[in-house]
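What follows is a short report on a single structure.
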Amino acid sequence: MKKQTESQCTQKTISLLSPLGTIQVSGCENGVHTIQILMDVAPAERSSKAPLSCVVNDSLAETSHELQRCVEWLQAYFSEPQTAGSLPLPAFHHPALQGGLFDFTLGQSVYASAVALSPGLIADAFTSRVLHVLLRDVKFGETVSYKRLAEMAGNPRAVRAVGGAMRRNPVPLLIPCHRVISSNGQSGPYMSGKGDHLKQWLLTHERQRGEG
């Protein structure tokens, strides 16, 4: 299924049947735009030994290299998650994950540039920075608190903003917002509270596979 977006990208959406239910990956030749977990079935029973499959429902014909790379990464994450960290991630082409606002190497200069353009962009700048730091620093099987992630992103007071960044994450699983938990050790909300059981499944999946 292809569609024309406001940014004039021609996107294709691939559906995968995963242990979490149907996952839809949308993207163009430049990269992945979004990942959606539809929550249409109950999560599969976990096992520390048995492989978990992730099956593509659609034809990969005329699918961009970046979408194919995303599919391969997701399949590895569920069936052999220890190997996913060594696989290349696809390029991202969602507006929140592009340009200098997603480049942590720019440091604080990115905020000055954003404010100069428009004060409203500062929230997008911080969201991008938080997501990039999360992707870079919080690895498979690890967790981080909202407070600690705010500190890592350079703004210790922005705990609530970190929560907002997690809700706006356009590519869950690839950028592991499920690894961000409450300071008291509780897993905390996922997908605005509708996917809390999926978050617990993912954390257990990573813990079990890491021990396997």
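The sequence shown begins at 752 in my numbering and counts up one residue at a time.
Note that beta-carbon positions come from the ideal geometry of N, C-alpha and C, so glycine has one too.
{"Item": "Using only CA atoms, which one of VAL881, LEU848, ASP947 and PHE843 lies nearest to HIS816?", "Value": "PHE843"}
{"Item": "If contact is defined by three or more beta carbon pairs under 8 Å, each pair taking one atom from either stretch, is the stretch 889-900 in contact with the stretch 816-826?", "Value": "no"}
{"Item": "Taking the continuous beta strand (DSSP E) assigned at SER769, which residues delimit it?", "Value": "761-769"}
{"Item": "Where does the unbroken alpha helix (DSSP H) through VAL922 begin, and where does it stop?", "Value": "Careful: VAL922 lies outside any alpha helix (DSSP H) and carries neither H nor E."}
{"Item": "Secondary structure at ALA895, three-state DSSP: helix, strand or coil?", "Value": "Here the sequence assigns Val to residue 895, which means Ala is not the residue at that position. Correct three-state label for VAL895: strand."}
{"Item": "Using 10 angstroms around the beta-carbon of LEU953, count the other beta-carbons present and answer buried if the total reaches 16, otherwise exposed.", "Value": "buried"}
{"Item": "Got a sec, what are the start and stop residues for the alpha helix (DSSP H) SER715 sits in?", "Value": "Nothing about residue 715 can be read from this structure; the chain reaches only from 752 to 963."}
{"Item": "Ends of the beta strand (DSSP E) at SER777?", "Value": "772-779"}
{"Item": "Is DSSP giving GLN833 helix, strand or coil here?", "Value": "helix"}
{"Item": "Give the DSSP-derived three-state secondary structure of GLN959 in the structure shown.", "Value": "helix"}
{"Item": "For the putative contact between GLN772 and CYS821, defined by C-beta atoms under 8 Å, what is the C-beta separation to the nearest angstrom?", "Value": "According to the sequence shown, residue 772 is Gly rather than Gln. At roughly 17 Å, the Cβ-Cβ gap does not stay under 8 Å, so GLY772 and CYS821 are not in contact."}
{"Item": "Just how far apart, CA to CA, sit ARG919 and SER938?", "Value": "18 Å"}
{"Item": "At a cut of 8 Å, does the stretch 903-910 reach the stretch 824-831 through at least three beta carbon pairs?", "Value": "no"}
{"Item": "List the DSSP bridge partners of TYR785.", "Value": "Correcting the residue type first, residue 785 is Thr in the shown sequence and not Tyr. In the DSSP output, where bridge partners are listed per residue, THR785 has SER777."}
{"Item": "Run through the DSSP bridge pairs and tell me what PHE843 is partnered with.", "Value": "VAL783"}
{"Item": "According to DSSP, is VAL910 helix, strand or coil?", "Value": "helix"}
{"Item": "For THR878, does the count of other Cβ atoms within 10 angstroms reach 16, so buried, or fall short, so exposed?", "Value": "buried"}
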